[in-house]
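Trainee: First to last, the protein sequences are chains A, B and C. When we follow numbering that gives the first Met the number 0, the leftmost residue of the first sequence carries the number 0, and every step to the right adds one. When we follow numbering that gives the first Met the number 0, the leftmost residue of the second sequence carries the number 0, and every step to the right adds one. When we follow numbering that gives the first Met the number 0, the leftmost residue of the third sequence carries the number 0, and every step to the right adds one. Heads up, the beta-carbon is just placed ideally off N, CA and C, and yes, glycines get one too. Owing to the predicted nature of the structure, the values given are computational and were not obtained by experimental measurement.
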Amino acid sequence: MVNRLGLLLRHSVLIIGAAVMLAPFIIMVSISLKPPGEVFAPQFSLLPQQWYVVENYTAAFTRVPLARFILNGFIVTFCIFLMQALTALPMAYALAKLHFRGRETCFALVVLALLIPPQVPAIPLYIALWQLDLLNTYAGIILPSTISVFGIFMMRQFFRTVPNDLIAAARMDGLGEFAIVWRIMLPTALPALAAFACLSFIWNWNEFFWPFLVVQDEALMTPPLGIAFFSNAEAGTSFGPLMAAATAVTAPLVLAFLFAQRAFIEGVTMSGIK
Amino acid sequence: MRKTPSSSGLRRAEALAGYMLSLPALILMWAMLLGPAVSVILLSLTDWNFGEASLRWVGLENYGELWADRVFWISLKNTIIYVGISVPATVFLGLLAALLIESVSHGRAFYRAAFFVPVASTLLAMALVWEFMFHPTVGFINQLFGAIGLPTADWLQNPGTALFALIAIGVWQNLGLAMILFMAGLTAIPKDLYEALAMDGADDAWERFRRVTWPMLGPSLVFVVAITAIRSFQVFETVAVLTEGGPSKSTEVLLYTMVQQGFTFLRSSYGAAITVIFLIFTVSLTLLQTVALERRTHYG
Amino acid sequence: MPGVKLRDITKQFGTTQVLRGVSLAVEESEFLAILGPSGCGKSTLLRIIAGLETADSGEVFIGDRQVDSLPAKARDLAMVFQSYALYPYMTVAANIALPLEMRRLSALQRLPFLGAILPGTRAARDLIARDVEAVASPLGLQGLLGRKPAQLSGGQRQRVALARAMVRHPAAFLMDEPLSNLDARLRADARAEIVSLTRRLGVTTLYVTHDQSEAMAMADRVAVMEGGNLLQLASPQTLYDDPQSLAVARFVGTPPINIWTIEIAGNGSITCCGQRLPFHAKSSSGPALMGLRPENLEIHQDGIPARVLRLERLGMETLVHCHIAGLTGTTILRLTPSAAEQLIGFENVKLMPKKALLFDLQGNRIAVAESARIDA
């Protein structure tokens with residue numbers, strides 16, 4: 000039946016596509032399990048003859064401070080998201096629900112800032128941080144990302160859908176505007192905030208450009224930097240441990256993604272619906 | 000409504016709250032984004048190098064130098080080739096993936112996750128895997144191509160193929176994003192349009208695509224193209240770690256040149272000029288997108 | 000114009016049985032309304048006839064052709080959707096022309112640029128344009144042919160949907176609550192328009208709605224459905240006067256029918272709240288239900304005591320809302336305005352039924368044997 004054939008064809012194409020998309024991950028893990036001899040073996044095989052898992056992963060964690068890199072990843076993304084939430088939520092609420100002169104101008108500024116790719120402020124920011132002696136510090140890595148205009152935009156869109164009566168009731172109960180943001184708006188916005196958190200987490204964990212410019216010390220390196228460092232330092236001789244390091248660094252994201260697929264994809268879709 | 004003393008007091012309190020709540024974000028916005036954007040434009044009009052004691056206003060001298068700079072033009076050309084190929088490829092494959100996944104009833108979650116995982120992963124780590132895959136002898140790609148009779152090459156070392164290798168990596172990473180955005184657009188299409196088509200006598204894939212899917216995806220298409228183009232313009236990591244602009248400057252791209260000039264060579268004002276060019280391109284893309292969408296809603 | 004026949008249609012979605020063996024026959028050129036609350040399966044039934052869903056079992060006939068194995072496009076039916084389903088990026092003319100295009104032009108001729116060059120395409124398209132005009136003018140759409148659906152009002156969109164259905168001169172029209180998106184004022188006009196249109200064309204029409212007044216006003220016959228079952232198929236008046244089940248009696252008629260709990264004695268005499276009523280049941284005994292239309296109640300000294308709650312003055316009549324001790328709910332009584340005014344100041348009245356429908360506790364009709372009025 001034509002239908003069946005068509006369905007089979009579609010699934011085949013999708014499976015081949017999925018295989019292509021997943022191939023690098025599979026190869027990454029596969030190499031991380033192999034001893035040096037097998038990595039460059041002429042025969043291609045998925046699983047190693049000789050399991051080198053322990054050696055590769057230990058090497059990864061000892062030759063470079065991989066654990067430190069991963070820890071830095073968590074520190075940096077956590078601090079960034081915290082600051083983003085602390086600054087974005089109040090402004091989003093003010094833009095969505097409060098009336099004040101210059102509100103439209105502020106919103107126009109937000110939209111304007113959305114147009115600016117993150118690499119544009121790099122040179123002046125670098126100069127400014129240099130003068131403040133903040134280069135090569137956690138603060139230096141974190142500061143430029145503390146403002147998320149996208150977050151403000153997204154939360155504002157969401158807050159606009161909250162019924163005004165809810166806020167009026169809160170005011171009558173005696174809550175000040177500041178309290179309203181955290182005790183009324185935040186709980187209703189949790190799904191949107193979760194989506195934003197996921198986006199912020201992926202984006203900042205993977206961010207390379209700015210940390211690349213700002214960080215010199217090994218001890219401060221974020222995961223992507225650490226991997227690049229490892230790759231340069233070992234210069235193509237120890238692929239096994241390098242892939243082990245790559246796996247270790249990618250794992251938190253992929254695992255988080257698999258568990259929170261809905262929130263991730265919702266966040267990404269919302270970034271689209273401007 | 001007459002303004003009583005208390006109501007204008009309320010207004011003032013509300014306005015004050017509005018300012019106070021927005022203040023931290025506004026300060027950061029100016030400090031981290033808008034201010035530096037303005038600075039970069041101003042900086043590009045000086046001759047300041049990093050660490051110098053004084054600066055001089057030189058107007059458009061830096062841009063003049065860019066105009067004559069062979070490396071800049073190579074960089075711009077490479078970037079435009081990169082964007083010009085990866086955007087259609089990403090959008091086409093993303094749309095295809097979205098249509099295929101929406102058309103099957105089993106395994107959707109798996110396919111969706113498989114196609115999207117590259118977007119979430121650390122590009123750098125995966126780029127290194129790709130580097131290994133591109134290895135001339137033991138790399139997966141050459142082994143596969145050799146086995147099925149396709150031509151092989153030293154993908155990353157050959158000036159003729161290096162840029163395309165990077166394009167492949169870029170498409171691989173962004174495809175999932177395009178796909179997800181298209182899927183959102185597809186689910187927004189009302190199902191009864193397809194049913195009306197069926198009643199009107201069109202129930203094959205081509206007519207359905209042509210008469211309902213494609214026209215309804217118009218806005219999504221414009222958006223995906225713009226987003227993908229802007230992301231492609233920002234290509235940097237793969238160049239910085241895999242090829243460093245080579246071989247023979249075949250993978251020199253705009254942001255890489257900017258970082259070279261502005262940070263490695265410490266020519267801050269020159270780097271700023273390149274940044275401004277970069278900004279002009281990305282802003283133009285966004286404006287084009289907005290205009291295209293406006294036209295669609297008014298005349299569509 | 001052939002009729003439509005359904006035989007024993009069943010359909011299950013997951014674990015829910017949506018249609019439980021529905022059979023009905025629509026006469027040639029008849030306007031049949033399919034009426035029921037949401038979830039009763041009426042839309043599913045329509046879609047099965049259309050070919051948009053397949054039944055689990057049962058047969059669908061159009062004329063004397065069995066169409067179960069045919070796809071929607073081969074059944075020669077046209078459907079008007081609740082949301083109209085107009086193609087947003089095509090003009091009104093293109094929307095109406097599409098069914099003709101699909102049938103009269105080959106796949107090659109339909110191709111955007113290539114098709115225009117092929118021989119015969121131009122002539123066919125001109126013919127199509129004329130047919131579109133022919134169907135658009137009577138509906139008042141001739142000036143709107145160049146517009147897109149987004150630029151039309153709700154009523155105009157509805158007429159475009161009708162035009163698109165009409166242009167093919169199908170064997171039957173299927174309409175799925177096409178008026179529910181219009182505001183009340185437009186709805187009445189649109190109702191009349193649809194009825195006169197289908198009558199003039201003589202096309203068999205199946206019309207799904209949850210609005211009983213709409214069904215009653217428009218249809219030659221009404222099929223009342225509930226819970227996947229066809230309860231009764233009859234003319235509007237028959238449904239009103241002679242409902243076969245309590246569900247039908249309740250569904251049809253505004254204000255809704257009054258239901259009194261009664262007791263049938265062994266000899267068939269009927270009491271309510273301890274008081275004899277002037278009816279006899281032909282059979283059965285025990286507790287039962289009596290359905291009373293508001294116009295079939297009167298004020299009578301031998302009646303059942305009731306307390307007047309309020310008067311609802313509708314201009315041409317007044318509805319009297321009462322409460323009877325011992326019965327749940329409100330009893331509504333229909334009086335002329337002058338008769339109702341005489342009740343003012345009186346809190347307690349006595350209500351006597353003039354004509355009754357009897358139902359057992361399962362909702363099935365029990366026959367009534369008329370008896371003489373009990374004299375005081």
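1) In chain order, what residues of the region 97-126 of chain C put their CB closer than 7 Å to some CB of chain B?
2) Keeping to the same chain, check which residues put their C-beta closer than 7 Å to that of C:Arg372; ignore five residues upstream and five downstream.
3) Contact between the region 249-269 of chain B and the region 167-179 of chain B is defined here as three or more beta-carbon pairs at a separation below 8 Å; is this criterion met?
4) Would you report the Cα separation of C:Asp7 and C:Arg306, rounded to the nearest angstrom?
5) Using C-beta distances below 8 Å, list every residue in its chain close to A:Phe24, excluding the 5 sequence neighbours before and after it, in chain order.
6) Does the region 220-232 of chain A come close enough to the region 195-211 of chain A to have 3 or more Cβ pairs within less than 8 Å?
7) Between B:Val223 and the rest of its own chain, which residues show a CB-CB distance below 6 Å, the 5 nearest in sequence each way excluded?
8) For my contact list, B:Glu130 and B:Leu165 are in at a C-beta cut-off of 8 Å; report their separation, rounded to the angstrom.
9) How would you write the range of the beta strand (DSSP E) that A:Ser199 sits in, first residue to last?
10) Quick one: using the 10 Å Cβ neighbour count with 16 as the cut-off for buried, is A:Met242 buried or exposed?
11) Taking the DSSP output, what are the residues bridged to C:Asp175?
12) List, in order along the chain, the chain B residues whose C-beta lies closer than 8 Å to that of A:Cys105?
13) When burial is assigned at 16 or more other CB atoms within 10 Å of the CB, is A:Lys33 buried or exposed?
14) Is the beta carbon of B:Asn77 sitting closer than 8 Å to the one on B:Leu162?
15) Can you list, in chain order, the residues of its chain whose CB lies under 7 Å from that of C:Ala375, leaving out five sequence neighbours each side?
16) Give, in chain order, every residue of the region 217-234 of chain A whose Cβ lies closer than 7 Å to some Cβ of chain B.
17) How do the region 117-126 of chain C and the region 194-211 of chain C stand: do at least 3 beta-carbon pairs fall below 8 Å, yes or no?
18) With C-beta atoms as the reference, is C:Val377 less than 8 Å away from C:Gly50?
19) Closer than 8 Å by C-beta to C:Arg129: which residues in its own chain qualify, once you throw out the five before and the five after it? Chain order, please.
20) Could you check the C-alpha separation between A:Ile201 and C:Val221 for me, to the nearest Å?
21) To be precise: take each residue of the region 34-48 of chain B, compare its Cβ to all Cβ atoms of chain C, and keep it if any distance is under 8 Å. Which residues remain?
22) Expressed to the nearest angstrom, what Euclidean distance is found between the alpha-carbon atoms of C:Thr22 and C:Met174?
23) With a Cβ-Cβ cutoff of 8 Å, do A:Gly16 and B:Ala96 count as a contact?
24) Please return the same chain residues whose Cβ sits closer than 7 Å to the Cβ of B:Tyr62, not counting the five positions on each side in sequence.
25) Does chain C have any CB closer than 8 Å to the CB of B:Ala187?
26) Assuming A:Glu103 is part of the alpha helix (DSSP H), what are its boundary residues?
27) Which residues in the same chain as B:Leu216 place their Cβ atom closer than 6 Å to its Cβ, once the five residues preceding and following it in sequence are excluded?
28) Taking a cut of 8 Å between CB atoms, which residues from the region 156-171 of chain B lie near chain D?
29) From the DSSP secondary-structure annotation, give me the bridge partner or partners of C:Arg306.
30) For the region 211-224 of chain B, enumerate the residues whose C-beta is nearer than 8 Å to any C-beta of chain C, in chain order.
31) Less than 8 Å between CB atoms is the rule here; does B:Met198 satisfy it with respect to chain A?
32) B:Ala113 touches chain A at which residues, Cβ-Cβ below 7 Å?
33) Using a Cβ cut-off of 8 Å (strictly closer), state whether B:Glu293 contacts chain C.
34) Name, please, each residue of chain B whose Cβ falls closer than 8 Å to the Cβ of A:Val63.
35) Just how far apart, CA to CA, sit B:Ile188 and A:Leu165?
36) Residues in its own chain within less than 6 Å of B:Pro158 by CB, not counting five upstream and five downstream?
Mentor: The short version:
1) Here the close residues are Leu97, Pro98, Met101 and Arg102.
2) Since pLDDT at C:Arg372 reaches only 45, below the 50 mark, its modelled position is unreliable, and the value read off the structure follows with that caveat. Answer for C:Arg372: Pro277, listed in chain order.
3) No, they do not touch.
4) Take the alpha-carbon of C:Asp7 and the one of C:Arg306: they are about 48 Å apart.
5) Here the set comprises Thr249 and Val253.
6) Contact between the region 220-232 of chain A and the region 195-211 of chain A is present: three or more C-beta pairs spanning the two stretches fall below 8 Å.
7) Once the five neighbours on either side are set aside, the close Cβ partners of B:Val223 are Val90, Ala177 and Leu180.
8) Taking the Cβ atoms as the reference, B:Glu130 lies roughly 11 Å from B:Leu165, outside the contact range of under 8 Å.
9) No beta strand (DSSP E) holds A:Ser199; the alpha helix (DSSP H) holding it covers Leu189 to Asn205.
10) With 16 or more Cβ atoms within 10 Å of its Cβ, A:Met242 is classed as buried.
11) The partner list for C:Asp175 (beta bridge, DSSP) reads C:Val207.
12) Here the neighbours are Ser21 and Leu25.
13) Counting Cβ neighbours within 10 Å, A:Lys33 comes out buried, since at least 16 surround it.
14) Result yes, Cβ atoms of B:Asn77 and B:Leu162 sit closer than 8 Å.
15) Residue confidence is low: C:Ala375 scores 34 on pLDDT, short of 50, so the model does not pin down where it sits. No coordinate-derived value is stated.
16) Shown in chain order are the members of the region 217-234 of chain A whose Cβ falls below 7 Å from a Cβ of chain B: Pro222, Pro223, Ile226, Ala227 and Ser230.
17) No, the region 117-126 of chain C is not in contact with the region 194-211 of chain C.
18) An answer regarding residue 377 of chain C cannot be provided, because it is not within the stretch 0 to 375 covered by chain C.
19) Cβ-Cβ distances below 8 Å link C:Arg129 to nothing in the same chain once the five nearest sequence neighbours on each side are left out.
20) Going by the C-alpha atoms only, they are around 60 Å apart.
21) Listed by position, the residues of the region 34-48 of chain B near chain C (Cβ gap below 8 Å) amount to none.
22) The displayed chain sequence assigns Ser, not Thr, to residue 22 of chain C. In this structure, the straight-line span from the alpha carbon of C:Ser22 to that of C:Met174 is close to 19 Å.
23) Going by C-beta atoms, A:Gly16 is nearer than 8 Å to B:Ala96.
24) Ala272, listed in sequence order.
25) Taking Cβ atoms only, chain C never reaches closer than 8 Å to B:Ala187, which makes this a no.
26) From DSSP, the alpha helix (DSSP H) with A:Glu103 extends over Arg102 to Leu113.
27) If we look at B:Leu216 and ignore the five residues flanking it on each side, its Cβ neighbours are Gly184.
28) This model lacks chain D altogether; the protein chains it does include are A, B and C.
29) DSSP output for C:Arg306 lists C:His322 and C:Asn347 as bridge partner(s).
30) Taking a C-beta cut-off of 8 Å against chain C, the contacting residues of the region 211-224 of chain B are Val211, Pro214, Met215 and Gly217, listed in chain order.
31) It does not: the Cβ of B:Met198 has no partner Cβ on chain A nearer than 8 Å.
32) Within chain A, the residues placing a beta-carbon under 7 Å from that of B:Ala113 are Ala17, Met20 and Leu21, ordered along the chain.
33) Output row for B:Glu293: interface = no.
34) Correct list: empty, because the minimum Cβ distance to chain B is about 13 Å.
35) Distance from the CA of B:Ile188 to the CA of A:Leu165, rounded to the nearest whole angstrom, comes to 33 Å.
36) For B:Pro158, where only same-chain residues beyond five positions count, the Cβ hits under 6 Å are Pro246, Ser247 and Ser249.
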